[in-house]
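In what follows, a structure is listed as structure tokens, so that the remarks can point back to it.
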Amino acid sequence: MPQPERMCIACRAKGSPREFLRIVATPDNTIIWDLKQKLPGRGAHVCPQTRCVSKGLEKKKLMHALRVEELSPFSVQEKLTELQILLRNQALNSLKIGVKARKVLSGYTQVQQGMKKGLAKVLVLADDISLDRRNELSADAARLQIPCVFLLSQEEMGSLFATAQRSCLVITDTGLASTFIHNFERYRTMKKEGM
Ligand SMILES: [Zn+2]
Numbered sequence: 001m002p003q004p005e006r007m008c009i010a011c012r013a014k015g016s017p018r019e020f021l022r023i024v025a026t027p028d029n030t031i032i033w034d035l036k037q038k039l040p041g042r043g044a045h046v047c048p049q050t051r052c053v054s055k056g057l058e059k060k061k062l063m064h065a066l067r068v069e070e071l072s073p074f075s076v077q078e079k080l081t082e083l084q085i086l087l088r089n090q091a092l093n094s095l096k097i098g099v100k101a102r103k104v105l106s107g108y109t110q111v112q113q114g115m116k117k118g119l120a121k122v123l124v125l126a127d128d129i130s131l132d133r134r135n136e137l138s139a140d141a142a143r144l145q146i147p148c149v150f151l152l153s154q155e156e157m158g159s160l161f162a163t164a165q166r167s168c169l170v171i172t173d174t175g176l177a178s179t180f181i182h183n184f185e186r187y188r189t190m191k192k193e194g195m
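Note that the sequence shown covers residues 1 to 195 in UniProt numbering.
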């Protein structure tokens, strides 16, 4: 069954819930991000772009969309920062789930073999991977038409595998890879726009 349409309160673009970020008000009128879109009550939706998020966080607009008489004071900048952290964590969570479910290969040798065998659905390189490996692996990914993204430092990536450092990983599950890309793209878009 198709899900009902939502509309961005800033630019009025319409689409499925998945395309938007959801904001709800708690019973004490504090606004919070509901990225999983599961919290009860009326929600306000904005496009995952800084422009719409900033505009959508105007108090009057929000009060109208949420049908509330009052909202606790909040800073737009703080809400933007909070969102940035939530989006990054969401992308990270897909990786953590993948590790737990053994749907992730990590480390140069495993990643290279995983790509050769056609198991890799998305390649994630650490921001501080060496130039040689970066060039080699991203060229492989391009040739195999696998998306290649940069996230985490080698140390942060290592901590996903309870090891000191990792420079790269691949997700081998199609569904998980697509969830990861969806989350990562949102994070990247907002970051690029200078949140
Ligand atoms: Zn919008």
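A virtual CB, placed ideally from N, CA and C, is assigned to each residue, including glycine.
Q) Looking only at DSSP bridge pairs, what is Val111 linked to? A) According to DSSP, Val111 bridges with nothing at all.
Q. Can we say the stretch 39-54 touches the stretch 8-19, given the rule of at least three CB pairs closer than 8 Å?
A. yes
Q: Using the Cα positions of Ser138 and Ser167, report the straight-line distance between them to the nearest angstrom.
A: 12 Å
Q: Would you mind working out which of Arg18, Gln165, Ile31 sits nearest Gln37, comparing C-alpha positions?
A: Arg18
Q. Is the beta carbon of Ala162 within less than 8 Å of some heavy atom of ligand 1?
A. no
Q. Considering only residues of the same chain and omitting the five flanking positions on each side of Leu57, which have a CB-CB separation below 6 Å?
A. Val76, Lys79
**Q.** Residues sharing a beta bridge with His45, DSSP
**A.** Cys8, Arg22
(Q) Let's test the definition: count the other Cβ atoms within 10 Å of the Cβ of Gln121 and tell me whether it reaches 16, buried, or not, exposed. (A) Note that residue 121 corresponds to Lys in the displayed sequence, not to Gln. Its Cβ being crowded by 16 or more others within 10 Å, Lys121 is buried.
Q: Please indicate yes or no: does the CB of Val76 lie closer than 8 Å to some heavy atom of ligand 1?
A: no
(Q) So if I measure from each beta-carbon to every heavy atom of ligand 1 and keep distances below 7 Å, which residues remain? (A) Cys8, Ala10, Cys11, Ala13, Val46, Cys47, Gln49, Cys52
Q: Report all residues from its chain with a CB closer than 7 Å to the CB of Asn29; omit the five preceding and five following residues, and keep chain order.
A: Val68, Glu70, Leu71, Ser72
Q | Candidates Gly43, Tyr108, Val24, Thr26, of which the one nearest Glu5 by Cα | A | Gly43
Q.
When you compare the CB positions of Ala126 and Glu156, do they come within less than 9 Å of one another, or not?
A. yes
Q | Straight-line Cα distance separating Ser159 from Gln165 | A | 7 Å
(Q) Going by DSSP, what residue range makes up the beta strand (DSSP E) through Ile171? (A) 168-171
Q: Find out if the Cβ-Cβ distance for the pair Leu169, Leu123 is shorter than 9 Å.
A: yes
**Q.** Close beta carbons around Lys55, own chain, < 6 Å, minus the five adjacent residues each side
**A.** Ala10
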